[in-house]
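Same order as they appear, the protein sequences are chains A and B. Going by the UniProt record's numbering, the final residue of the first sequence carries number 214, and the count climbs one at a time with no gaps. Going by the UniProt record's numbering, the final residue of the second sequence carries number 187, and the count climbs one at a time with no gaps. The C-beta atom is built at its ideal place from N, Cα and C for all residues, glycine as well. These notes are about the structure you will find just below.
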Amino acid sequence: MKPCPEEIVQYMHDYLDGEITRRDEQILSEHLEKCQACQKHMDQLSRSVAFLKSASHIEAPEGFSDRIMASLPKERQGAGVRRWFGRHPMLAAVAMFVLLAGLALFSNFNTSDQQLAVSTQPNLVVEGNKVIVPEGEKVEGDLFVRNGELHIEGEVEGDVTVINGSKYMASTAVVTGKIEEIDRAFEWLWYTIKSGVKEGLSVFEGPDPDDEEK
Amino acid sequence: MEDIVKKRIKQVLKGDQSAFEEIVSLYQNRLYQVCYRMLGNRHEAEDIAQEAFIRAYINLHTFDQKRKFSTWLYRIATNLCIDRIRKKKPDTFLDAPVPGTDGLDHYSSLAHDSPLPEEEVEKMEQQERVQYEISRLPDKYRSAIVLRYIEELPLQEISEILELPLGTVKTRIHRGREALRKQMKKL
Ligand SMILES: [Zn+2]
């Protein structure tokens, strides 16, 4: 008996995918009519598929969504601030004025300072002004990038803050903490003040302020 | 449905955490089912599906709202499942059956390259057998097969979930079907 044409098995799969051309289907059915071995092959494939489809529908266990809702991290800080400003536009304007007036006081914020600054973690890769968290790598601790482009392909176990820069997250990216992007002078000031206040408070409250967020 | 979901996503992004609950209830069964079929263990499935929702919540701002949300969510879940399968591989033999899980977990936590004796397979109930055969599929084919035949998703969507070219997805499904055929020749 001469061997079966190689493409027959491929046609079987095209057929099962519902993507077979009329011509190929014709060739397949003609071949199956005269070849028992391929008929059996096709039959076994169809049965395997039917067998899979017989799998019963499975539902999430009782209380599943409640457990998820209970284990979500507390609301994002940035969202809270934005909401507060949204509700108090007048106060926001005043705060803006005060902050802008205070701009001169901050010597560490200088727009001409375009140098890349990045927190030091062992598995970060820096190329020019690009900072990369490589795929498959895990960066522990908070990540801080200023005047640079951050590419996250791996995992960051902590918060991510990007100042005057951009951020790119690959689909493999995982960030366990908060992500903040600060672009304008105003927000940068706000951030500085906020962290300052937080640090100041933590002196009185004792433990690391991050702990109480969780 | 995608419209409601997008509305809820916007609310969550504005800081309304409670809007996430509807998202969870809309997708929980599908996500749990994928995890269960991939991992073959109810306890682990719950663990991973929960983790997937939490990661989706944390990274919600990275979701491109022009895309389909379920694709993104499935992607998070399948990635977590694949990670879990890889991590637990060396000590699968140490897994003891979990009491009160109707015996399904016992077979399915075994590695696919250690088939059970034929008599035992023949004694299995139909549903038990389905899970057993899925768990014997090589990981690479398992995710594609589960998305195709358990979730009944189109090939194009599977390609987006697994971030693989359409041709690769087809090949994996073809090989998965062939593997299954060989596993069950005597059915
Ligand atoms: Zn033939």
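Check	Outcome
What is the rounded straight-line gap between the Cα of V98(B) and the Cα of T21(A)?	Because the pLDDT of V98(B) is 45, which lies under 50, any placement of that residue in the model is unreliable, and the number read from its coordinates should be weighed accordingly. The alpha-carbon atoms of V98(B) and T21(A) are separated by roughly 48 Å.
Which term fits G148(A), buried or exposed, when burial requires 16 or more other beta carbons within 10 angstroms of its beta carbon?	buried
What are the residues that DSSP puts in a beta bridge with V162(A)?	V145(A) and E181(A)
Roughly how many angstroms lie between the CA atoms of G176(B) and I27(A), to the nearest whole one?	24 Å
Go ahead and pull the three-state DSSP assignment for K130(A).	strand
Compute every distance between the C-beta of A37(A) and the non-hydrogen atoms of ligand 1, then say whether any falls below 8 Å.	yes
Starting from I161(B), follow its DSSP beta bridges and name the residues at the other end.	In DSSP, I161(B) forms no bridge with anything.
Under the criterion of a Cβ to heavy atom distance below 8 Å, does I27(A) qualify as lining ligand 1?	no
Of the residues that make up the UniProt domain "RNA polymerase sigma-70 region 2" (24-89) of chain B, which ones have a beta carbon closer than 8 Å to any beta carbon in chain A?	V24, S25, Q28, N29, L31, Y32, Q33, Y36, R37, R42, E46, A49, Q50, F53, I54, R55, Y57, I58, N59, H61, T62, R75 and N79
Does the Cβ-Cβ distance between A52(B) and L80(B) come in under 9 Å?	yes
Would N130(B) count as contacting chain A if we go by Cβ distances under 9 Å?	According to the sequence displayed, residue 130(B) carries Val and not Asn. So yes, V130(B) belongs to the interface.
Thinking C-alpha only, which one of Q115(A), K40(A) and E137(A) is nearest N123(A)?	E137(A)
Mind checking whether the beta-carbon of H13(A) lies closer than 8 Å to any heavy atom of ligand 1?	no
Would DSSP call E19(A) helix, strand or coil?	coil
Here's the rule: buried if 16 or more other CB atoms are within 10 angstroms of the residue's CB, otherwise exposed. What is I4(B)?	exposed
Hey, how far is the Cα of V121(B) from the Cα of G158(A)?	47 Å
Cβ of K6(B) within 9 Å of Cβ of Q50(B)?	no
Is the closest heavy atom of ligand 3 to the C-beta of I8(A) under 8 Å?	In the structure shown, ligand 3 is absent; the only ligands present are ligand 1.
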